[in-house]
Amino acid sequence: MNSAYTYRGYTIDVRCEFRLDPPREPAPPPDALRFGFVAVVHVRRAGSMPRVLAPVRLADDGGRLFDDTLHALRAGRAAGEFIVDDLLIDAGPPDGRAHS
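Quick note on numbering: the numbering used here labels position 99 of the sequence shown as 99, and the sequence is numbered without any gaps.
Below is the structure:
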């Protein structure tokens, strides 16, 4: 599933990827294989194809896979908005002066 959002002059593309999360224990129980989704986030200027940053892959706060695409898309959108906000803060005002 893919979605695109416009936010403050940037386009945030979010794609969900299905993943299998193999168990980390040496002798896991037979039902230990977990599956879910990660969000892949691309940020670019609105109306432009080149990406601003490399894609970012996200899981939930605990590093676990998302249970469904809806949660993955929501998290991807929120992360994309944080990235855009950070880009705008780092860019600062065009004339180098702080806003009052």
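Note that CB positions come from ideal geometry on N, CA and C, so glycine has one too.
Taking Cβ positions, are residue i and residue j nearer each other than 8 Å?
i	j	result
L65	V38	yes
V55	H42	It is Pro, not Val, that sits at residue 55 in the sequence shown. Cβ atoms of P55 and H42: closer than 8 Å.
G80	Y5	yes
D61	G36	no
May I ask you to list the residues that DSSP assigns as paired with residue i?
i	result
I12	Y5 and V43
D21	R34
V84	Per DSSP, none; premise fails for V84.
L58	A39
Measure how close the beta-carbons of residue i and residue j come, nearest whole angstrom, since I'm counting them as under 8 Å.
i	j	result
R45	G92	So it is not a contact: roughly 17 Å between Cβ atoms.
R77	I12	6 Å
In chain order, what residues of the same chain have a beta carbon less than 6 Å from the beta carbon of residue i, not counting five sequence neighbours either side?
i	result
R19	V38 and L65
D21	R34 and L65
Leaving aside the five residues before and after residue i along the sequence, list all residues of the same chain whose C-beta is less than 7 Å from its C-beta, in chain order.
i	result
R15	N2 and V40
L58	V38, A39, V41, A75, G76 and A79
Output needed for residue i: all residues of its chain with C-beta closer than 8 Å, excluding positions within five of it in sequence on either side, in chain order.
i	result
S100	For S100, the predicted model reports a pLDDT of 43, less than 50, meaning its position is unreliable and no value from the coordinates is stated.
Please decide whether residue i counts as near chain D, where near means a Cβ-Cβ distance under 8 Å.
i	result
E17	The question asks about chain D, but that chain is absent: this structure has only one protein chain.
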